[in-house]
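The number in our numbering is simply the position in the sequence shown, starting from 1, with 6 added. Here's the structure, in structure tokens; my notes come after.
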Amino acid sequence: MSSAVVIGGGIAGLSAANVLSQHFERVLLVDRDGQDVAHERQGVPQVDHLHVLMRRGWLALGELFPGIDEDLIRAGAVEIDWGKNSYWVGRFGAFPRPPSDITSRLCSRRLLEKTVRARLVSNPRIELVERFEAETFRWDSSRRRILAVKARDGREVEASLFVDASGRNGPFRSQAVLEKVDARSSYSTCVVRLPHAERLPFRQAYVQVCAPHFLRGGGINPIEDGLHLAMLIGAGRELPPGDREGFLEYARSLRDPCVAQVLSDAEFVGPIRCFRRMAGTRVLRPAFQADNLVMMGDALCSFNPIYGQGMTVSLLSTLELGRQLAREGRTSQERFNALVMGPWLTAAGEDLRVPGCTLENVSVARRLAMTLNTAVGDRVMLRATFDPDAHQRTMRVLHMVDPPSALLPLALPRVG
7 MSSAVVIGGG IAGLSAANVL SQHFERVLLV DRDGQDVAHE RQGVPQVDHL
57 HVLMRRGWLA LGELFPGIDE DLIRAGAVEI DWGKNSYWVG RFGAFPRPPS
107 DITSRLCSRR LLEKTVRARL VSNPRIELVE RFEAETFRWD SSRRRILAVK
157 ARDGREVEAS LFVDASGRNG PFRSQAVLEK VDARSSYSTC VVRLPHAERL
207 PFRQAYVQVC APHFLRGGGI NPIEDGLHLA MLIGAGRELP PGDREGFLEY
257 ARSLRDPCVA QVLSDAEFVG PIRCFRRMAG TRVLRPAFQA DNLVMMGDAL
307 CSFNPIYGQG MTVSLLSTLE LGRQLAREGR TSQERFNALV MGPWLTAAGE
357 DLRVPGCTLE NVSVARRLAM TLNTAVGDRV MLRATFDPDA HQRTMRVLHM
407 VDPPSALLPL ALPRVG
């Protein structure tokens, strides 16, 4: 009987298991965490913080799980038009807010995972194995194929294909060579209840960190149950605090007052949670290479979560996994590596602006590519700030609907 194993129960692992069930008779999804863990999930340490699926991510989610959009709406996910419903203060000022076709949903990471996981539970080809802490592989005699993955407690599961979607803290990443860009970014996040949310002129607000001069940012986003996530961001030496008074004072220090104004009469629901481990890392040389092993999600490329790329890239990688299996019956790690490169250059280029940003294993050529990418991005964002049409075109690229090449005309000087 053909079988596959997915290591990791986050969005990348859940979606990969779903795709694999269309090509294998049995799929085992092994996860070191249990879903009853209240907060600190080792595989998803940032679970309580803001998670955004970009427009292309929502489209991919719908392709992978038909009808899930309606499931999430029924569960309370909030529809948002990233044009008219979003107040976004970028490097050159607030962006235009015309109606757009760049729409998606906002909800907590927990609700999203719960809804996706419910689909898998009903799939007879998928078996979920929780509290399975993967530790090593068992190989064939040629050391080119993996026969089984072994857990720390001695259990092991065999398969013909293995997908490592174990996240930024996965068991095999510590043995890999990583390209690392660390802007010392950090979050503080709290769930809040707004007494007059329906009166706000926007549904979502975001004040962007704009290094090197503005190293503080923040935002407020609706989630399910009539609640909002309030988020403060710091880069470099700026650390958003974890106490209520410090949180409010930090919000008042942002270069736009929108977040502080919204929070002035907010009810804080639960504790303020801080997340400090946000460096971007990408696998340059994996710890293991095998003909039947695929790395994807944060196990392959862990983005600084400030940029909201991670889940969308994971879902696009899952679609690529399905295409490879359908067309060729085998996988190519090189294509997954290529898929993450564009978003990686964008995020890493922004992080390079932060004073004190540290680099590991970043070549001169790669750094130049990051810098050039940022320079082109600045020209585009300047036009997008004052030109509604340019803004619409930019949003389509930022939400990964259109390729980055669609922005090149906006970066060229205007003629006439």
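No residue lacks a Cβ here, since even glycine has one placed at the ideal position from N, Cα and C. Predicted model only: the values in this text are computed from it and were never measured.
- DSSP links N227 through a beta bridge to L235.
- Contact check for F98 against N24 fails: the beta carbons are separated by 8 Å or more.
- Look at C264 here: in three-state DSSP terms it is helix.
- Shown here, A203 sits in a helix according to DSSP, grouped into three states.
- Residue pairing by DSSP places V289 opposite L184 in a beta bridge.
- With respect to S172, I13 sits close: the two C-beta atoms are nearer than 8 Å.
- Pairwise C-beta distances place the segment 354 to 368 out of contact with the segment 391 to 400, as fewer than three of them are shorter than 8 Å.
- Between F138 and L299 a beta carbon distance of about 17 Å is seen, past the 8 Å cut, so the two are scored as non-contacting.
- In the pairwise beta carbon analysis, the segment 28 to 42 is classified as not touching the segment 377 to 390: fewer than three pairs are separated by under 8 Å.
- Annotation for T364: the continuous beta strand (DSSP E) segment containing it runs T364 to E366.
- Contact between R199 and G232 holds, with the beta-carbon distance rounding to 7 Å and staying under 8 Å.
- Relative to G63, the option among L325, W145, N343 and L206 whose CA is nearest is L325.
- The DSSP-derived three-state label of W88 is coil.
- The three-state reading of DSSP puts R179 in helix, counting H, G and I together.
- Nearest neighbour of E133 by Cα position, chosen from M302, F30 and L378, turns out to be F30.
- Around the beta carbon of P130, a 10 Å sphere encloses fewer than 16 other beta carbons of the protein chains shown; the residue is thus reported as exposed.
- Secondary-structure assignment with DSSP links L112 through a beta bridge to V84.
- The Cβ atoms of M284 and P311 lie closer than 8 Å to each other.
- Residue pairing by DSSP leaves K120 without any beta bridge partner.
- In the DSSP assignment, R279 falls within the unbroken beta strand (DSSP E) covering E273 to F281.
- Around the C-beta of L414, fewer than 16 other C-beta atoms lie within 10 Å, and the residue is accordingly described as exposed.
- Just so you know, the alpha carbons of D262 and S128 end up roughly 47 Å apart.
- Excluding its 5 nearest sequence neighbours in each direction, T121 has C-beta neighbours in its own chain below 8 Å: I74, D77, L78 and A81, listed in chain order.
- Between A211 and Y313, the gap from beta carbon to beta carbon reaches 8 Å or more.
- For R149, the closest of F294, E185, V183 and M301 by C-alpha to C-alpha distance is F294.
- In the three-state scheme derived from DSSP, where H, G and I count as helix and E and B as strand, G96 is classed as strand.
- Taking all protein chains shown into account, H397 has 16 or more neighbouring C-beta atoms within 10 Å of its C-beta and is therefore buried.
- As DSSP reads the structure, S194 sits in a beta bridge with L238 and C280.
- The straight-line gap separating the alpha-carbon atoms of I278 and K186 is approximately 28 Å.
- Here A296 has R150, R151 and I152 as same chain residues with Cβ atoms under 7 Å from its own Cβ, once five neighbours each way along the sequence are excluded.
- Beta-carbon to beta-carbon, Q315 and A354 are separated by about 11 Å, too far to satisfy the 8 Å threshold.
- Under the three-state reduction of DSSP, Q210 is assigned to strand.
- By the Cβ test, the segment 203 to 219 is in contact with the segment 84 to 91, since at least three Cβ pairs between them sit closer than 8 Å.
- Ranked by Cα distance from R243, the first of W350, F220 and L254 is F220.
- The C-beta distance from G176 to A375 rounds to 26 Å, too long to fall under 8 Å, and the pair is not in contact.
- Ranked by Cα distance from Y256, the first of V33, S147, R222 and R61 is R222.
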